Structure formats: C-alpha cells, structure tokens
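Participant: For the sequence shown, the working numbering gives the first residue as -16, with consecutive numbering after it. Yeah, the Cβ is synthetic: ideal placement off N, Cα and C, and Gly gets one too. Given the structure is predicted, the values throughout are model-derived calculations rather than measurements.
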Amino acid sequence: MSGEPHREGPSVSVERTFSMIKPGALQRRLVGEILSRVERKGLRVVAAKMMTIDRGLAERHYAEHLGKPFYAGLIDYMTSGPVLALVVEGENAIGALRSLAGPTAPAEAPAGTIRGDFGCRTQRNLIHASDSPASAAREIALFFSNEDIQPWKDGNDEWL
Ligand code: CMP
-16 MSGEPHREGP SVSVERTFSM IKPGALQRRL VGEILSRVER KGLRVVAAKM MTIDRGLAER
44 HYAEHLGKPF YAGLIDYMTS GPVLALVVEG ENAIGALRSL AGPTAPAEAP AGTIRGDFGC
104 RTQRNLIHAS DSPASAAREI ALFFSNEDIQ PWKDGNDEWL
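As structure tokens, this is what we get:
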C-alpha cells in the first residue's frame, strides 16, 4: 500500500436520491440507526426536513400506486406522523440506498438491510428510497427547493 488513495475510472457516477424515513421509524427511535447506515456507507446527506406531510403531497408522491389495494392504507400511514425527508448524494447513490434499504417487503429482505433487520410488514417498511434517476428528480422536487439543498465537499471522497 502506497498510502495513495485508489482512484476510480470515469465510470463513477455521482447521483442524488430522495429518501424518507417513515413515521414508524421515528416512533421506534430508529432514525439515528438508519442515518448511521447511510453515513457509514459513504453517502452524504445534503438536505433533511422533518415534516408531517399532508394528504395532497403523499398522493402526489405515491401517484403511481393509485388504485392498488394498499394505496389508502399507505396514504393514511405516511400522513400519520412526522417523517424525515432526505436528499442523499454520492456515487451511485440511487442503487446504494436501495441496497441499504433492502427489498420492499421486509419478509423478503435479507438480514443486514434496514428492512431486513427492523421490519416485519410491507406497509411499515421504515424507509422510502427512489427507484430510478427520474423518480429521484421528481421526488426531490416535490419535497425540496434548490435552496434547501446544501452540497458539501466530502473530505473522504478519495478514500471511499
Ligand atoms: P415505498 O418504497 O415507500 O414505496 C411504495 C410503498 O407502498 C412501499 O414502500 C410500501 O410501504 C407500500 N407497499 C408496497 N406494496 C405493498 C403491499 N403489498 N402491501 C402494503 N403496502 C405496500
């Protein structure tokens, strides 16, 4: 080891993704645990907002699920108490955050993932994470203005 940081080639892609720590995770005092996993992965939180979302925002956010059997329960749950909305940045942040979260259904989520370690029920799956660049852009814009986002230079960049 020369002590020189390993440098990735040009394929590295810095992305932003949207995440929400859901009401049940706040109730269960899991916010710190979840944020800690995001940080230890090497991702950067560049915006955070504690908010109780109204039905209109929840319905816009989850519009693709309108008509599904779980939709009404999902909207009720997501508006039942505060969430922590986040913008998370880093290399391949969209996929990285979804890997940390694990599959949507906690019953199928492996141990070591947030949903696998802490969840039992699909509707109470602790965290939302955008599933594509288009979803990330749409969801970030629903919850945050440009001024809310505080990019910072990551001093660990070369070492992650
Ligand atoms: P999320 O990643 O926030 O995106 C849509 C949400 O709908 C999902 O997490 C779950 O909370 C919820 N959901 C998806 N499928 C089901 C289901 N079969 N039953 C109950 N809730 C679901």
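Closer than 8 Å to a non-hydrogen atom of the ligand CMP - does that hold for the CB of residue 34?
Facilitator: No, the ligand CMP has no heavy atom inside 8 Å of this Cβ.
Participant: Exposed or buried, which one is residue 33 when buried takes at least 16 other CB atoms within 10 Å?
Facilitator: Residue 33 is exposed by the Cβ-count criterion.
Participant: Answer yes or no: do residue 115 and residue 77 have a C-beta to C-beta separation smaller than 9 Å?
Facilitator: Against a cut-off of 9 Å, the Cβ pair of residue 77 and residue 115 comes out as a contact.
Participant: Quick check: the segment 13 to 33 against the segment 57 to 76, are there 3 or more CB pairs under 8 Å?
Facilitator: Touching, per the Cβ criterion.
Participant: Under three-state DSSP, which class holds residue 101?
Facilitator: DSSP places residue 101 in helix when its eight states are reduced to three.
Participant: Buried or exposed: residue 95, going by 16 or more other Cβ atoms within 10 Å of its Cβ?
Facilitator: With fewer than 16 Cβ atoms within 10 Å of its Cβ, residue 95 is classed as exposed.
Participant: Is the beta carbon of residue 57 sitting closer than 9 Å to the one on residue 84?
Facilitator: Going by C-beta atoms, residue 57 is not nearer than 9 Å to residue 84.
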